[in-house]
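J.:
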Amino acid sequence: MRANYSLITTLPTVFPVDGDLVGDGVTLLAEQLWPHVLTGPPDTLVDLARANTIDAAGLDLLVAAHAYAAHRRIPLRIVNAAPWVLRVLQAAGVSALPARTRCAEFATTTATTPTPRSNAAVVMA
């Protein structure tokens, strides 16, 4: 029996920020995000749709996670950032998608990531 790689999908893991990214919100996101990113996941989204405020610690967390993911070539996308949060992130060198764009909505609603095909044999029990 051969595995059909075109049917294998990997869902992105979404980390929604449920309020302002300040104080305890930063700690909570860091406690959830870092263990996940350190495992080398296939795709990770940080959804800032509900984040109206971001402090220096929140910015530092996103910059550090983005830099680590870029270094390890792990897809980590920050989506639905408010316009002023988007400007702050871009000034810090972090790429993010603005709120309520077709691309951002697509990124948060799409459930598949293309899996690279390989000619290697797969043994199935």
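Mapping of the sequence shown onto full-length UniProt numbering: position 81 corresponds to residue 81, and the numbering continues sequentially without gaps.
Beta carbons: idealized from backbone N, C-alpha and C, even for Gly.
1) What residue does the alpha helix (DSSP H) around valine 88 start on, and which one ends it?
2) On the CB-based measure, 16 or more other CB atoms within 10 Å of its CB, does histidine 71 come out buried or exposed?
3) Suppose contacts are defined by Cβ-Cβ distances below 8 Å. Is leucine 76 in contact with alanine 65 by that definition?
4) Please return the same chain residues whose Cβ sits closer than 7 Å to the Cβ of alanine 92, not counting the five positions on each side in sequence.
5) Please list the terminal residues of the continuous alpha helix (DSSP H) segment that includes alanine 30.
6) Output the distance between the C-alpha atoms of isoleucine 78 and proline 35, rounded to the nearest integer angstrom.
7) Assuming leucine 61 contacts valine 14 (C-beta within less than 8 Å), just tell me the rounded distance between them.
8) Strictly by DSSP, which residues pair up with leucine 45?
9) Apply the 10 Å Cβ neighbour rule to asparagine 80 and answer buried if 16 or more other Cβ atoms are within range, or exposed otherwise.
10) So the candidates are Asp24, Asp43, Gln32 and Pro98; which of them puts its Cα closest to the Cα of alanine 69?
11) Report back the beta-carbon spacing between alanine 51 and valine 17 to the nearest angstrom; my notes put them in contact at under 8 Å.
12) Would you mind sorting glycine 19 into buried or exposed? The rule is 16 or more other CB atoms within 10 Å of its CB.
T.: Put simply:
1) 83 to 91
2) exposed
3) Yes, they are a contact pair.
4) Leu59 and Val63
5) 24 to 38
6) Cα to Cα, isoleucine 78 sits roughly 17 Å from proline 35.
7) Between the beta-carbon of leucine 61 and that of valine 14 there is about 16 Å, and that puts the pair past the 8 Å contact cut.
8) Val14 and Arg77
9) By the 10 Å Cβ count, asparagine 80 comes out buried.
10) Asp43
11) With 8 Å as the limit, alanine 51 and valine 17 qualify as a contact, their Cβ atoms being about 4 Å apart.
12) exposed
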